[in-house]
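This report concerns only the one structure given below.
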Amino acid sequence: MTTPPIAVRVQAEPFDVAAETEKMTAGRTDIGAVVAFTGLCRAEAGRLSALELEHYPGMAEAEIERTAREACDRWPLMGVTAIHRFGVIRPGEPIVVVITTSSHRVAAFEAAEFLMDFLKTRAPFWKKEVGLDGAKGDWVDAREADDAAAAKWAR
Amino acid sequence: MTTPPIAVRVQAEPFDVAAETEKMTAGRTDIGAVVAFTGLCRAEAGRLSALELEHYPGMAEAEIERTAREACDRWPLMGVTAIHRFGVIRPGEPIVVVITTSSHRVAAFEAAEFLMDFLKTRAPFWKKEVGLDGAKGDWVDAREADDAAAAKWAR
Amino acid sequence: MKIRYFAWVRERIGKAEETLLPPAEVATIADLLGWLKTLGPEYEWALEKAEFIRVALDHVHADHAAAIAGADEIALFPPMTGG
Amino acid sequence: MKIRYFAWVRERIGKAEETLLPPAEVATIADLLGWLKTLGPEYEWALEKAEFIRVALDHVHADHAAAIAGADEIALFPPMTGG
Numbered sequence: 006m007t008t009p010p011i012a013v014r015v016q017a018e019p020f021d022v023a024a025e026t027e028k029m030t031a032g033r034t035d036i037g038a039v040v041a042f043t044g045l046c047r048a049e050a051g052r053l054s055a056l057e058l059e060h061y062p063g064m065a066e067a068e069i070e071r072t073a074r075e076a077c078d079r080w081p082l083m084g085v086t087a088i089h090r091f092g093v094i095r096p097g098e099p100i101v102v103v104i105t106t107s108s109h110r111v112a113a114f115e116a117a118e119f120l121m122d123f124l125k126t127r128a129p130f131w132k133k134e135v136g137l138d139g140a141k142g143d144w145v146d147a148r149e150a151d152d153a154a155a156a157k158w159a160r
Numbered sequence: 006m007t008t009p010p011i012a013v014r015v016q017a018e019p020f021d022v023a024a025e026t027e028k029m030t031a032g033r034t035d036i037g038a039v040v041a042f043t044g045l046c047r048a049e050a051g052r053l054s055a056l057e058l059e060h061y062p063g064m065a066e067a068e069i070e071r072t073a074r075e076a077c078d079r080w081p082l083m084g085v086t087a088i089h090r091f092g093v094i095r096p097g098e099p100i101v102v103v104i105t106t107s108s109h110r111v112a113a114f115e116a117a118e119f120l121m122d123f124l125k126t127r128a129p130f131w132k133k134e135v136g137l138d139g140a141k142g143d144w145v146d147a148r149e150a151d152d153a154a155a156a157k158w159a160r
Numbered sequence: 420m421k422i423r424y425f426a427w428v429r430e431r432i433g434k435a436e437e438t439l440l441p442p443a444e445v446a447t448i449a450d451l452l453g454w455l456k457t458l459g460p461e462y463e464w465a466l467e468k469a470e471f472i473r474v475a476l477d478h479v480h481a482d483h484a485a486a487i488a489g490a491d492e493i494a495l496f497p498p499m500t501g502g
Numbered sequence: 420m421k422i423r424y425f426a427w428v429r430e431r432i433g434k435a436e437e438t439l440l441p442p443a444e445v446a447t448i449a450d451l452l453g454w455l456k457t458l459g460p461e462y463e464w465a466l467e468k469a470e471f472i473r474v475a476l477d478h479v480h481a482d483h484a485a486a487i488a489g490a491d492e493i494a495l496f497p498p499m500t501g502g
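The following block contains the structure:
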């Protein structure tokens with residue numbers, strides 16, 4: 006089995022989900038399902054003016070790529086695109102997108118969930134809160150719920 | 006609990022997933038997760054030139070709307086958009102899109118899967134195959150796997 | 420009452436809709452399907468596996484045991500294949 | 420070997436990276452964390468709950484029991500909060 010196309014990017018710039026989806030589906034007539042997950046920065050009830058995302062350059066890309074490859078081993082996918090931003094991100098702006106394509110919907114859905122669960126717990130990114138006055142606040146704590154979500158894919 | 010915005014459309018025309026997503030997220034800073042599922046027409050290994058989708062006008066909209074409301078009862082969603090096309094749809098073209106928004110990813114993912122499982126088995130649409138010569142072929146058979154997928158949400 | 424047919428049920432019966440007045444003893448959807456099968460070979464063909472026919476009363480899915488009294492529009496169709 | 424720190428581990432130690440040569444008896448990641456804590460109060464503060472510190476050897480996650488021999492770059496950081 007050949008690995009389907011995997012596109013991984015770690016960047017400061019915003020991304021265009023429609024354009025990324027188009028790249029994966031253009032000219033193909035074998036894809037039946039596309040799942041796109043976009044994670045957005047929340048204001049946390051108006052408490053935050055931004056999140057500042059630190060990452061580990063090199064490892065971030067490598068770890069997302071490893072996760073994408075594992076998703077391709079587990080599900081019959083036709084493509085995976087995963088883009089994660091770093092730097093200052095304002096409420097309402099996108100942080101991460103994962104797009105999966107497959108001939109059927111179950112594979113596309115499960116793989117996208119898997120990618121997000123693993124990305125949250127394994128990709129080396131850290132969020133710091135920036136308050137309304139622009140002052141750097143606390144680092145966001147890792148959530149146990151995220152570890153539990155990732156653990157459910159163990160096999 | 007107030008029901009979040011639900012947008013349901015049944016139409017012959019293609020749709021624009023990015024524009025629909027933008028409608029749901031514009032100006033908001035409380036949405037953390039957007040899941041967009043798009044179902045595309047497949048050529049079935051080059052066997053088909055199109056699918057022709059028949060629907061039950063009135064009931065199709067009503068049934069999708071009921072399903073969207075049930076999703077909003079089950080998960081803390083911030084919005085649901087569901088658009089289903091009818092008429093002649095060529096391989097590579099979109100048939101259906103479901104978009105869910107929530108503050109967290111699990112609700113958005115589960116609700117989108119639920120909507121698709123229910124839409125497949127409860128929304129009154131029927132697909133007919135159109136062969137390469139343009140001749141109308143067989144009606145697509147309902148899949149037992151789809152019934153099983155819908156049944157797993159019973160409660 | 421108006422009866423509507425979709426997909427291959429429509430094709431086999433040869434019409435998309437018609438207005439029919441079933442006799443009084445036709446109380447449930449199952450009764451209706453049985454009665455329709457007596458109307459001709461095209462109905463018999465369309466409804467030969469009556470247990471697989473889905474029915475909606477006024478745009479709402481209904482079991483074969485459901486009463487049809489009060490329904491303005493009854494639709495008969497195969498299992499759905501949208502999505 | 421190059422040691423890199425991220426997020427609050429970096430902030431507490433007060434530097435993003437440094438090159439260190441641990442003594443020969445420092446064989447595993449757990450050994451390394453223990454040895455780093457002897458380098459000063461800033462290290463002790465950053466690594467006070469050593470069991471929660473995540474470590475990567477040359478860009479790959481590793482258990483605290485893993486041997487560090489052969490690694491060119493070791494990174495220490497808190498649990499990830501991306502996505």
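Chains as they are written, first to last, in our numbering: chain A, 6 to 160; chain B, 6 to 160; chain C, 420 to 502; chain D, 420 to 502.
Heads up, the beta-carbon is just placed ideally off N, CA and C, and yes, glycines get one too.
Computed from a predicted model, the values in this text were never measured in an experiment.
Does W454 (chain C) come out as helix, strand or coil in the three-state DSSP assignment?
DSSP places W454 (chain C) in helix when its eight states are reduced to three.
Could you give the distance in angstroms between the alpha-carbon of W456 (chain D) and the alpha-carbon of H480 (chain D)?
For the record, residue 456 (chain D) in the displayed sequence is Lys; it is not Trp. The alpha-carbon atoms of K456 (chain D) and H480 (chain D) are separated by roughly 21 Å.
For a quick check, are the C-beta atoms of A31 (chain A) and V135 (chain A) less than 8 Å apart?
No, these two residues do not count as a Cβ contact at 8 Å.
To the nearest angstrom, report how far apart E437 (chain C) and R423 (chain C) are at their CA atoms.
Roughly 7 Å separates the two Cα atoms.
With burial defined as no fewer than 16 other Cβ atoms inside 10 Å of the residue's Cβ, what is the status of A140 (chain B): buried or exposed?
So A140 (chain B) ends up on the exposed side.
By the 10 Å Cβ neighbour count, where 16 or more other Cβ atoms means buried, how is D491 (chain C) classified, buried or exposed?
So D491 (chain C) counts as exposed.
Pull up the distance between the alpha-carbon of L451 (chain D) and that of V445 (chain D), whole angstroms please.
The straight-line gap from Cα to Cα measures roughly 6 Å.
Whether or not the stretch 491-501 of chain D and the stretch 454-472 of chain D are in contact is what I'm after, with contact meaning three or more pairs of Cβ atoms, one per stretch, closer than 8 Å; do they touch?
Segments in contact, yes.
On the DSSP letters alone, give me the boundaries of the beta strand (DSSP E) that P99 (chain A) sits inside.
Element bounds for P99 (chain A): P99 to S107.
Within 10 angstroms of the Cβ of K132 (chain A), are there 16 or more other Cβ atoms? Answer buried if so, exposed if not.
Classification of K132 (chain A): buried, given that the 10 Å Cβ count is 16 or more.
So for F20 (chain A), helix, strand or coil by DSSP?
Here F20 (chain A) sits in coil by DSSP.
With distances taken Cα to Cα, identify the nearest neighbour of E57 (chain A) among D:I487, D:L440, D:T500 and D:Y462.
Per the Cα distances, D:T500.
Please state whether the Cβ-Cβ distance between K125 (chain A) and D151 (chain A) is less than 8 Å.
For K125 (chain A) and D151 (chain A), yes; Cβs fall inside 8 Å.
Taking only beta carbons into account, state which residues of the stretch 481-501 of chain C come closer than 7 Å to chain B, listed in chain order.
Listed by position along the chain: A494, F496, P497, P498, M499, T500 and G501.
Run through DSSP, which three-state label would M420 (chain D) get?
M420 (chain D) falls in the coil class under three-state DSSP.
Under 8 Å Cβ-Cβ, which residues of chain B neighbour T126 (chain A)?
Per Cβ cutoff of 8 Å: no residues; T126 (chain A) is ~13 Å from chain B at best.
Are three or more beta carbon pairs between the stretch 105-124 of chain A and the stretch 90-104 of chain B nearer than 8 Å?
With the cut-off at 8 Å, the stretch 105-124 of chain A and the stretch 90-104 of chain B do not touch.
Looking at chain B, which residues of the stretch 67-92 of chain A have a Cβ within less than 9 Å of any of its Cβ atoms?
Residues: none.
Could you name the residues of the stretch 30-59 of chain A whose beta carbon sits closer than 9 Å to any beta carbon of chain D, in the order they occur along the chain?
Result list: G44, L58 and E59.
What are the partner residues of F123 (chain B), as DSSP defines its beta bridges?
Partner(s): none; F123 (chain B) has no beta bridge.
Need the endpoints of the beta strand (DSSP E) that R47 (chain A) sits in, please.
Per DSSP, R47 (chain A) belongs to no beta strand (DSSP E) and is neither H nor E.
Report yes if the CB atom of T83 (chain A) is closer than 8 Å to the CB atom of P9 (chain A), and no otherwise.
Reading the sequence as shown, one finds Met at residue 83 (chain A) and not Thr. Taking 8 Å as the Cβ cut-off, M83 (chain A) and P9 (chain A) qualify as a contacting pair.
So, helix, strand or coil for M83 (chain A), using DSSP?
Looking at M83 (chain A) - three-state DSSP - the assignment turns out to be strand.
Using a Cβ-Cβ cutoff of less than 7 Å, which residues in the same chain neighbour T86 (chain A) once the five nearest sequence positions on both sides are dropped?
Here the set comprises A12, E25, M29 and I104.
Can you find a C-beta in chain C that's less than 8 Å from the C-beta of V145 (chain B)?
Judged by the 8 Å Cβ criterion, V145 (chain B) is in contact with chain C.
Measuring only between beta-carbons, confirm whether E149 (chain A) sits less than 8 Å from chain B.
E149 (chain A) does not count as touching chain B.
Suppose you measure from the CA of G63 (chain B) to the CA of F425 (chain C); what does that come to, to the nearest Å?
Approximately 13 Å, taken between the alpha carbons.
Apart from the five residues just before and just after W454 (chain D), which ones in its own chain have a Cβ nearer than 6 Å to its Cβ?
Taken in chain order, the residues that qualify are P441 and V445.
Is the beta carbon of F119 (chain B) sitting closer than 8 Å to the one on A76 (chain B)?
For F119 (chain B) and A76 (chain B), yes; Cβs fall inside 8 Å.
With a threshold of 7 Å, establish whether the CB of D143 (chain B) neighbours any heavy atom of the ligand FMN.
With respect to small molecules bound, the structure shown includes none, and the ligand FMN cannot be examined in it.
In whole angstroms, what separates the C-alpha of F42 (chain B) from that of A117 (chain B)?
Looking at the two C-alpha atoms, the distance is approximately 7 Å.
For the putative contact between T72 (chain A) and R127 (chain A), defined by C-beta atoms under 8 Å, what is the C-beta separation to the nearest angstrom?
The Cβ separation is near 6 Å, so the contact holds.
Quick one: Cα of T502 (chain C) to Cα of E461 (chain D), how far?
Before going on, a small fix: residue 502 (chain C) reads as Gly here, not Thr. Spanning the two alpha carbons is a distance of roughly 58 Å.
Along the alpha helix (DSSP H) that carries W464 (chain D), what are the first and last residues, could you check?
First-last of the alpha helix (DSSP H) with W464 (chain D): P460 to A465.
Mind listing the chain C neighbours of P96 (chain B)? Cutoff is C-beta to C-beta under 7 Å, in chain order.
Within chain C, no residue comes near P96 (chain B); the closest Cβ sits about 16 Å away, beyond 7 Å.
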